[in-house]
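Peer 1:
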Amino acid sequence: MSTDADSAAHDRRDRLQRELLRRARAGTAHRAEAEPVARTGADAGVGHDGRDAPQDAAARTASVPLSRAQRRMWLMERLGGAGDSYHVPFATRIRGPYDVAAFAAALTSLVARHGILRTRYLERDGEPCQEVLPTPLTVPVQVVDADPTHTPELLRRETARPFDLAAGEAVRALVLRHGPQDHTLLLTFHHIAMDGASLETVAGELAVLYAEVAEGTSPHALAPPPQYAEHARREHDALPGYETELKRWSDLLAGAAPPRLPQPAATAPRTSARAAAARSAPLAPDVPDALRTLGAQHKATPFAVSLTAAFAALHRLTGDADLVIGVASTHRSGSAMRALVGLCVNTLPVRVDVSGAPTFSQLLRRVNEALLEAQRHRHIPFDLVLERLGHRARGADGSALIRVTSTLLGEPTVLRLPGTSAEYVDIPSDAAKFTLSYGLGPGDAAVRPQALVQYDANTLDDTVAEAAVRDYAALLHAVAADPELVLADLPLPSPHHDQGLREGTGGAPEAPAGPEDRTPTATGPTPAYVSGSPDPGDRHPAVLALRSHPGVADAVVVQPAQGPPVAYAVLNESIGPSGHELLGLLRRSLATESVPAAVTLLDALPRTAGGSLDRARLPGASRPSAPSGPRAEAVREAFIGVLGSTPSPDDDFFALGGHSLKAVQLAERLRTDLGLPLTGLDVLQARTPRALTALLDERAARQSAAKAVSRPAPRSRDVRPGTVLVTGATGGVGAFVVRELAARGRPVLALARPESAHLITTEGVDVIEGDLADLAGLRAAVAQADAVVHAACTFTRHDVDLAAMETMVDAWRRGPFVFVSSVDAYGHPGTDDVTERTPPHEPVNPYGKAKLDCEAMVLSAAGTGGRGGASAVRSPIVWGAHDRLREQLRWGAIGTLYQSARQGRPIAVPRPGTGGHAWYGAAWVHAAALARAVVECLDQPVHGVANACSGHVSWHDLARDLTELLGTRADLHETEAVPQDLDHRWHYGSTRLAGPLRARPGEDRRTVLADMIGPMTSDPG
129 MSTDADSAAH DRRDRLQREL LRRARAGTAH RAEAEPVART GADAGVGHDG RDAPQDAAAR
189 TASVPLSRAQ RRMWLMERLG GAGDSYHVPF ATRIRGPYDV AAFAAALTSL VARHGILRTR
249 YLERDGEPCQ EVLPTPLTVP VQVVDADPTH TPELLRRETA RPFDLAAGEA VRALVLRHGP
309 QDHTLLLTFH HIAMDGASLE TVAGELAVLY AEVAEGTSPH ALAPPPQYAE HARREHDALP
369 GYETELKRWS DLLAGAAPPR LPQPAATAPR TSARAAAARS APLAPDVPDA LRTLGAQHKA
429 TPFAVSLTAA FAALHRLTGD ADLVIGVAST HRSGSAMRAL VGLCVNTLPV RVDVSGAPTF
489 SQLLRRVNEA LLEAQRHRHI PFDLVLERLG HRARGADGSA LIRVTSTLLG EPTVLRLPGT
549 SAEYVDIPSD AAKFTLSYGL GPGDAAVRPQ ALVQYDANTL DDTVAEAAVR DYAALLHAVA
609 ADPELVLADL PLPSPHHDQG LREGTGGAPE APAGPEDRTP TATGPTPAYV SGSPDPGDRH
669 PAVLALRSHP GVADAVVVQP AQGPPVAYAV LNESIGPSGH ELLGLLRRSL ATESVPAAVT
729 LLDALPRTAG GSLDRARLPG ASRPSAPSGP RAEAVREAFI GVLGSTPSPD DDFFALGGHS
789 LKAVQLAERL RTDLGLPLTG LDVLQARTPR ALTALLDERA ARQSAAKAVS RPAPRSRDVR
849 PGTVLVTGAT GGVGAFVVRE LAARGRPVLA LARPESAHLI TTEGVDVIEG DLADLAGLRA
909 AVAQADAVVH AACTFTRHDV DLAAMETMVD AWRRGPFVFV SSVDAYGHPG TDDVTERTPP
969 HEPVNPYGKA KLDCEAMVLS AAGTGGRGGA SAVRSPIVWG AHDRLREQLR WGAIGTLYQS
1029 ARQGRPIAVP RPGTGGHAWY GAAWVHAAAL ARAVVECLDQ PVHGVANACS GHVSWHDLAR
1089 DLTELLGTRA DLHETEAVPQ DLDHRWHYGS TRLAGPLRAR PGEDRRTVLA DMIGPMTSDP
1149 G
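Next comes the structure, spelled out in structure tokens:
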């Protein structure tokens, strides 16, 4: 039974761990190990009054290549799955007199000074580039009244909102007002434009600029800052001269491999997101001083001492003697670069040989030498080093060379505005950048010294992490007392933790073990299965992984006399994952040597009379033949075209020179050639032509099964006058428009992506395959039609949307054109009642701006060159019984509200009257009503803008509807806070299309929500 004392101790430990995590996130990015050697650099900037400087204006006339660090961020966005891992929140609690308008002016001046904060990211000729945009008139600062108890959730929600890099969105500002002189300020940056050292510059300049506006002080002589675009250009121009140093890096890392960290005791499929977790252990107050003294005696910095301890701890955890740990460095060099705002972080791989039973002092000398050697080449981008190493930079299972990092924690940056007090506010991150990170917190008057490990909870067991941090702490205590101790003689932590390390985790034994005497684990060599042992296949890592799958009842792996092992699995139900799908799971979750050649599904495993596995009755385990057929050939040709070499079926993508950008290119090529869905992440996970072909075969089979559903024979479009082209024909809006047109007997030409074209089975509808990125196909489709309904949208790639609209308008030569737009085009009107004549009002989000630009194109072209009338139909949230609309309900604009209702979490909605607004809620339209309104515009164009709303619902009523329909009991309460995603108080008049929008039976709010939620109630998402 726990006691109050136990709870208090647990709370103290929890607070300490959160504090160490705070410092780890806030202080590591800007604490480079040593001041870099000065290098030349050119300054460019803006006038202090915020106007673009000549250099900045010139930078916008042409695109600039991305720096290597930016390129990595861009690729993570393109590959998918990054979430908010690369968002940089900067929050401060401000107490005292605070002027929001002065802060907005200061922030706008800051954005004017630093072009990187108004830069958009594009792709040209297959390569990413950046363009600096003009300074906005003002950078919006949202102010929300919020009780301090709601602050953490509001900050997390704001931090998690996605950025639109193609629109130049790099910074957002939110102010939570707790009282007249109590505010929390949050600036959220994208990592592609910001790092830890930049935050110090931003904080300092904002304080100066704010003082000028708020206090009316004379302008300070802030020097024109260096511009990031120039840094990226210089780096790009210098790349050809890095050959000698790249060879040096290749020599330093020749033969290096990722550390073999213990795998989880229960092997399970990996998820795309790295779940961050942390463990900490307290240190004696005198340990940091003892370590500093030790460093001074050996002419080493405190960071070098803490890094040495990390190497020693990692050696004890893995048993490996040849280790590589990553440390953070910077591309900033010299005083001219200190004020540079942008992503200048570089990773330095430090490789150390821990063999020979050295003392800690001897190991410190080795680490210090290796660290200094790495720093001599710190200006070489690590991505270039990885490209030079190719597949040698990864382990056999595809794991990255840098899995483990080390840092010395420092104080976080705080925004200090004149006349106020400032307190740093931590915003926890849910994502781990690396598998394992060691941290040393020297402590201060408020925080006791701590040893810390942060880790990816999907990859390491909590028991391993707990034992690792205690071992790290014990090691620091021991070497602080006696640095001449031999590593092998250093004490392990308590027997309890030693037991936690050994039991079922593949962790370190009592003494450091060499590779030759390590206990086999899932990361090491697969054990030899001795004939006659009881079911040796039960011990195979693939068996553990298969049995952990919810759809698998039993599994076994058999090692034939010749050839690779083969797995057999029995499903729980007659319908479940295929053998190919299970094999793909194993490829993604196990080391290469542990993956069987195939997974064969059986109705039951054959057993002897005694109940043991009867191997004689298992199907033969012959090696699978090379894949064949058109998809296998397409995969082979794509590998040749992208990687430049002819692969064998089991050649590894990385071994052939593949990397992230090539994965994106290969996926796009196969998606175009085969008309099947495929992403860069699919390529990185499948890795071999055989596995990629199997994945495509499965997706083709699912597509064929859908096509087998009754579908009318294709009809010729040559004799069908009055044909209406509908883009986005399988989307949530387009599908209803197609249905409405077909019901009225109108001939339809439906544009749909190749992978979803088979879903269109309506009589009277012809299908043309294509998408918004295929401009030639769009032009041809418009030329065939007598009218156009443009309902497709990428939602995030506004450059694609604009190019598509420009192409369609240019090809439009007859008949009417209806563009399905959005009420986001109104922005934030000053009045709560919005008519169809209300002009746009800033701030308008990038999505709304793209809609406005598209509207302008089509409306200005209407009536010219034989074109008919045009209509821009602005819709709010669209509801209807369609899978795409269901996904938007779950994850779109009101996804947070839906997920809270589904999970039964407390729901806070704005109280009417908050901020002077009588109502907060959502406008909505039924998809069928929207389709009727769109078709009406074909016959009677409105020659302008028309709204399409079925109704408006308050957040309170919508939350109540959702909880009742989902059958949950979420606590619903009203608050003075107005979260960003619930800050909507506008009613949209729909007088121009009132007739077709009039609700029909079954189109009321409750009915449509029930139709949408019903099929989702059994879905865990």
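Residues in the sequence shown are numbered consecutively from 129, following this note's numbering. Quick reminder that beta carbons are idealized off the backbone N, C-alpha and C, glycines included.
What does W1052 pair with, by DSSP beta-bridge criteria?
Peer 2: The residue given as residue 1052 occupies position 924 in the sequence shown. Its beta-bridge partners are I1005 and G1079.
Peer 1: Under the rule that 16 or more other beta-carbon atoms within 10 Å means buried, what is N700, buried or exposed?
Peer 2: In the sequence shown, the residue the question calls residue 700 occupies position 572. Result: exposed.
Peer 1: Please work out which residues of its chain come closer than 7 Å, Cβ to Cβ, to R759, disregarding the five sequence neighbours upstream and downstream, and give them in chain order.
Peer 2: The residue you call residue 759 lines up with position 631 of the sequence shown. Excluding five sequence positions before and after R759, the CB atoms of its chain that fall closer than 7 Å to its own CB belong to L802, T821, L824, D825 and A828, given in chain order.
Peer 1: Which parts of the region 478-538 are runs of the alpha helix (DSSP H), unbroken and 4 residues or longer, counting only runs that do not cross its ends?
Peer 2: 488-504 and 510-517
Peer 1: Considering only the alpha carbon of each residue, which of C257, V937 and C921 lies closest to T855?
Peer 2: Numbered from its first residue, the sequence shown carries residue 855 at position 727. The shortest Cα separation from T855 among C257, V937 and C921 belongs to C921.
Peer 1: In the DSSP assignment, what are the bridge partners of P781?
Peer 2: Here residue 781 is taken as the residue at index 653 of the sequence shown, counted from 1. Here residue 781 turns out to be Phe, not Pro, going by the sequence shown. Per DSSP, none; premise fails for F781.
Peer 1: Quick one: what's got a C-beta closer than 6 Å to S527's C-beta in the same chain, skipping five residues either side?
Peer 2: What you label residue 527 is simply residue 399 of the sequence shown in a count that begins at 1. The answer, listed in chain order, is P386.
Peer 1: Mind the definition here: the region 715-727 touches the region 670-690 only if three or more C-beta pairs lie below 8 Å; say whether that holds.
Peer 2: yes
Peer 1: Identify the residues that DSSP records as bridge partners of T71: which are they?
Peer 2: Since the first and last residues shown for the chain are 129 and 1149, residue 71 lies out of range.
Peer 1: Whole angstroms is fine: what's the gap from L282's alpha carbon to R544's?
Peer 2: As a working mapping, residue 282 is identified with position 154 in the sequence shown. As a working mapping, residue 544 is identified with position 416 in the sequence shown. Computed Cα separation, rounded: 22 Å.
Peer 1: Looking only at its own chain, which residues have a Cβ that is under 8 Å from the Cβ of T966, when we skip the five neighbours before and after it?
Peer 2: Counting from one through the sequence shown, the residue named residue 966 turns up at place 838. Around T966, the same chain offers Y954, P957 and T959 as residues with beta carbons nearer than 8 Å, after the five sequence neighbours per side are excluded.
Peer 1: Is P1143 helix, strand or coil when you go by DSSP?
Peer 2: Taking the sequence shown and counting its residues from 1, one reaches residue 1143 at position 1015. Three-state DSSP puts P1143 in a helix.
Peer 1: Among A230, L741, A197 and R200, which has the Cα closest to the Cα of Y338?
Peer 2: To locate residue 338, count along the sequence shown from 1; it is residue 210. The candidate whose alpha carbon is nearest that of Y338 is A230.
Peer 1: Select from T487, L877 and R361 the residue whose C-alpha is nearest the C-alpha of D617.
Peer 2: Position 489 of the sequence shown, counted from the first residue, corresponds to residue 617. Comparing Cα-Cα distances from D617 to each of T487, L877 and R361, the minimum goes to T487.
Peer 1: Taking all protein chains shown into account, decide if K427 is buried (16 or more other Cβ within 10 angstroms of its Cβ) or exposed.
Peer 2: The residue labelled residue 427 in the question sits at position 299 within the sequence shown. Exposed: under 16 other Cβ atoms inside 10 Å.
Peer 1: Can you have a look at V269 and say buried or exposed, based on whether 16 or more other CB atoms are within 10 angstroms of its CB?
Peer 2: Looking up residue 269 in the sequence shown gives position 141. By the neighbour-count rule (16 or more Cβ atoms within 10 Å), V269 is buried.
Peer 1: With the cut-off set at 9 Å, would you say T220 and E551 are in Cβ contact?
Peer 2: In the sequence shown, counting from the first residue as 1, residue 220 sits at position 92. In the sequence shown, counting from the first residue as 1, residue 551 sits at position 423. Yes, the pair counts as a contact, with Cβ atoms nearer than the cut-off.
Peer 1: Enumerate in chain order the residues of its own chain whose CB-to-CB distance from G943 is below 6 Å, with the five nearest sequence positions on each side excluded.
Peer 2: Mapped onto the sequence shown, residue 943 falls at position 815. Answer for G943: D914, A915 and G996, listed in chain order.
Peer 1: Compute the Euclidean distance between the alpha carbons of G679 and T446, then round it to the nearest angstrom.
Peer 2: Reading the sequence shown from its first residue, position 551 is the one you call residue 679. Reading the sequence shown from its first residue, position 318 is the one you call residue 446. In a straight line, the C-alpha of G679 is about 33 Å away from that of T446.
Peer 1: Going by DSSP in three states, H1115 sits in which element: helix, strand or coil?
Peer 2: The count along the sequence shown starts at 1 and reaches residue 1115 at position 987. Three-state result, H1115: strand.
Peer 1: Can you tell me whether V1053 is buried or exposed? The criterion is at least 16 other CB atoms within 10 Å of its CB, across all chains shown.
Peer 2: The residue given as residue 1053 occupies position 925 in the sequence shown. Classification for V1053: buried.
Peer 1: Do you know how far the Cα of A870 is from the Cα of V910?
Peer 2: Taking the first residue of the sequence shown as position 1, residue 910 is located at position 782. Taking the first residue of the sequence shown as position 1, residue 870 is located at position 742. Cα to Cα, the separation comes out at about 19 Å.
Peer 1: In the structure shown, what three-state DSSP assignment does P311 receive?
Peer 2: Here residue 311 refers to the residue found at position 183 of the sequence shown. For clarity, residue 311 is His in the given sequence; the question names Pro instead. In this structure, H311 counts as strand in the three-state DSSP scheme.
Peer 1: Cα-Cα, which of C1065, L1086 and G860 is closest to A1029?
Peer 2: Translated into the one-based positions of the sequence shown, residue 1029 becomes position 901. Looking at the Cα atoms, L1086 is the closest of the given residues.
Peer 1: Which full runs of the alpha helix (DSSP H) of 4+ residues lie inside the region 754-812, going along the chain?
Peer 2: 758-771 and 788-802
Peer 1: Assign R300 to buried or exposed, taking buried as 16 or more other Cβ atoms, counted over all protein chains shown, within 10 Å of its Cβ.
Peer 2: Stepping through the sequence shown from its first residue, residue 300 is reached at position 172. R300 is buried by the Cβ-count criterion.
Peer 1: Hey, P755 and R818: beta-carbon distance below 9 Å or not?
Peer 2: For the purposes of this step, residue 755 is taken as residue 627 along the sequence shown, with counting starting at 1. For the purposes of this step, residue 818 is taken as residue 690 along the sequence shown, with counting starting at 1. Their beta carbons are under 9 Å apart, which means P755 touches R818 by this criterion.
Peer 1: I think V962 touches W1114, with their Cβ atoms under 8 Å apart; what is that distance to the nearest whole Å?
Peer 2: By one-based count along the sequence shown, residue 962 stands at place 834. By one-based count along the sequence shown, residue 1114 stands at place 986. With 8 Å as the limit, V962 and W1114 qualify as a contact, their Cβ atoms being about 5 Å apart.
Peer 1: Reducing DSSP to helix, strand and coil, say where R407 ends up.
Peer 2: Here residue 407 refers to the residue found at position 279 when the sequence shown is read from its first residue. Here R407 sits in strand by DSSP.
Peer 1: I believe Y97 touches A437 by the beta-carbon criterion, under 8 Å. Please report the beta-carbon distance rounded to the nearest angstrom.
Peer 2: What is shown of the chain runs 129 to 1149, which leaves residue 97 out entirely.
Peer 1: Taking just the CA atoms, how far does V876 sit from L900?
Peer 2: To locate residue 900, count along the sequence shown from 1; it is residue 772. To locate residue 876, count along the sequence shown from 1; it is residue 748. Between L900 and V876, the C-alpha separation is close to 18 Å.
Peer 1: Rounded to whole angstroms, how far is the Cβ of T266 from the Cβ of T312, which I believe are closer than 8 Å?
Peer 2: As a first step, residue 266 is located in the sequence shown; it is residue number 138 there, counting from the start. As a first step, residue 312 is located in the sequence shown; it is residue number 184 there, counting from the start. So it is not a contact: roughly 21 Å between Cβ atoms.
Peer 1: How is the alpha helix (DSSP H) around F431 delimited, first residue to last?
Peer 2: Start at 1 with the first residue of the sequence shown, and residue 431 comes out as number 303. It spans P430 to T446 - the alpha helix (DSSP H) in which F431 sits, taken as one unbroken run.
Peer 1: Would you be able to state if there are at least three C-beta pairs under 8 Å between the region 578-588 and the region 240-259?
Peer 2: no
Peer 1: Hey, how far is the Cα of L491 from the Cα of A485?
Peer 2: In the sequence shown, counting from the first residue as 1, residue 491 sits at position 363. In the sequence shown, counting from the first residue as 1, residue 485 sits at position 357. A direct Cα-to-Cα measurement between L491 and A485 gives close to 9 Å.
Peer 1: Looking at V455: is its Cβ nearer than 9 Å to the Cβ of T372?
Peer 2: By one-based count along the sequence shown, residue 455 stands at place 327. By one-based count along the sequence shown, residue 372 stands at place 244. Judged by beta-carbon spacing, T372 lies beyond the 9 Å limit of V455, meaning their Cβ atoms are not closer than that value.
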